[in-house]
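Taking our numbering, I'd label the letters of the sequence shown as residues 1138 to 1275.
Ideal placement from N, C-alpha and C gives every residue a C-beta, glycine not left out.
These figures come from a predicted structure and were not determined experimentally.
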Amino acid sequence: MNMNKIIIILLSTLCLLSCKKSNHEFSENYNFKNQLGKTISLKGKALDAKLGALLKGKSYSIWIDGLSRWPNGFYEGGDNGKMLIVTGTIIERYDLPVFIQNKGTTIKKSGIPQPVGTNLHQASHRFLLKNAQWKLLN
């Protein structure tokens, strides 16, 4: 085997090794409970809500930890959010503002109404991406 072939084989091998999977994964499995503490990448649309920035995928929504809203230009209202790939570590919190909606009550409450019998602790649950970084999809 001549030297050129050896160099080509070595360079090809190095190329393949450098393309190996990084320390995070692109998630197509949206069972976030099984991915707690893992760094993953998700594709979705940037949306803003009262409780902060969300990434909305085809079959999931996940909050962006520490981000009250997307930076200017990422979300224009309604369903007009930019498509992004967001990478971060999956965490969970039990902090959604939920309450039991009692029939006949005239007192207005802020939060997310739940039917009688709902476990409020479970209803307050959400998943978030911590230390999130994002890039626009073209």
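{"query": "Neighbourhood of L1221 by C-beta, 8 Å cutoff - its chain only, sequence neighbours within 5 removed", "result": "K1180, G1181, K1182, A1183, L1192, F1211, W1271, K1272, L1273 and L1274"}
{"query": "Local Cβ density within 10 Å of G1254, reported as buried at 16 or more and exposed below that", "result": "exposed"}
{"query": "Spatially closest choice to I1237 from K1219, S1261 and G1225, by CA coordinates", "result": "S1261"}
{"query": "Enclosing beta strand (DSSP E) for L1257 [first to last residue]", "result": "Element bounds for L1257: not the beta strand (DSSP E) but the alpha helix (DSSP H), L1257 to A1260."}
{"query": "Whole-number beta carbon distance between L1265 and I1201, since they are thought to touch under 8 Å", "result": "7 Å"}
{"query": "Residue ranges of each beta strand (DSSP E) within the stretch 1219-1270, 3 or longer", "result": "1220-1231, 1235-1237 and 1249-1251"}
{"query": "Length-filtered (3 minimum) beta strand (DSSP E) runs lying within the stretch 1171-1195", "result": "1176-1186 and 1189-1193"}
{"query": "T1224 classed as buried or exposed, judged by whether at least 16 other C-beta atoms fall within 10 angstroms", "result": "buried"}
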